[in-house]
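Peer 1:
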Amino acid sequence: MGAPGSGADTSAKSNVTALNCISLSDPDIQKSISLLRQACLDSGFFYVIDHGISQEFMDEVFFRSRKFFELPLHKKMELFRNEKLRGYTPTADQTLDPKNQVQGSFPNLMASA
């Protein structure tokens, strides 16, 4: 799915009825913060526009990220998180803390519906 106004194919449909677009060029930063917060609370999805980051830089970041995740596990584990470094977290290594969750995880929300 392409970015709004990018000319990319946007024919793919999802359960999200609207994607909140948050502009970082708005001079009213409090408005942008409020919109971002509300998008996080409502759906958890948003699209940041007018951020000033070049497409070339974003492409490079995604390329390097892809290369990292293609590494064997033992190489990624060399960067395992610790108290000083967020680092790498292997799949299924983290669990949710029910005492500190506001609304639960997605499966919990589905079970309560």
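Residue numbers (full-length UniProt numbering): 1 to 113. Quick reminder that beta carbons are idealized off the backbone N, C-alpha and C, glycines included. Owing to the predicted nature of the structure, the values given are computational and were not obtained by experimental measurement.
Could you please give me the residues that DSSP links to Asn20 through a beta bridge?
Peer 2: In the sequence shown, the residue the question calls residue 20 occupies position 20. Asn20 is bridged to Phe46.
Peer 1: Count Cβ pairs between the region 18-25 and the region 43-57 that sit closer than 8 Å; are there 3 or more?
Peer 2: The region 18-25 vs the region 43-57: in contact.
Peer 1: Going along the chain, which residues of its own chain have a beta-carbon closer than 6 Å to the beta-carbon of Asp50, five neighbours each way excluded?
Peer 2: Mapped onto the sequence shown, residue 50 falls at position 50. So the qualifying residues of the chain are Ser23, Leu24 and Ser25.
Peer 1: On the DSSP bridge list, what partners appear for Phe80?
Peer 2: What you label residue 80 is simply residue 80 of the sequence shown in a count that begins at 1. For Phe80, which the question treats as bridged, DSSP gives the partners Tyr88.
Peer 1: On the three-state DSSP scale, how would you describe Glu70?
Peer 2: Counting from 1 along the sequence shown, the entry for residue 70 is found at position 70. The answer is coil: DSSP assigns Glu70 none of H, G, I, E or B.
Peer 1: Rounded to a whole number of angstroms, what is the C-alpha to C-alpha distance between Ile29 and Pro72?
Peer 2: For the purposes of this step, residue 29 is taken as residue 29 along the sequence shown, with counting starting at 1. For the purposes of this step, residue 72 is taken as residue 72 along the sequence shown, with counting starting at 1. Looking at the two C-alpha atoms, the distance is approximately 42 Å.
Peer 1: Quick check on DSSP: helix, strand or coil for Leu96?
Peer 2: Mapped onto the sequence shown, residue 96 falls at position 96. The answer is coil: DSSP assigns Leu96 none of H, G, I, E or B.
Peer 1: Note down the Cα distance separating Ala111 from Asp42, rounded to an integer number of angstroms.
Peer 2: As a first step, residue 111 must be located in the sequence shown, where it is residue number 111. As a first step, residue 42 must be located in the sequence shown, where it is residue number 42. Because Ala111 carries a pLDDT of 45, less than 50, the predicted location of this residue cannot be relied on, and no value is offered for it.
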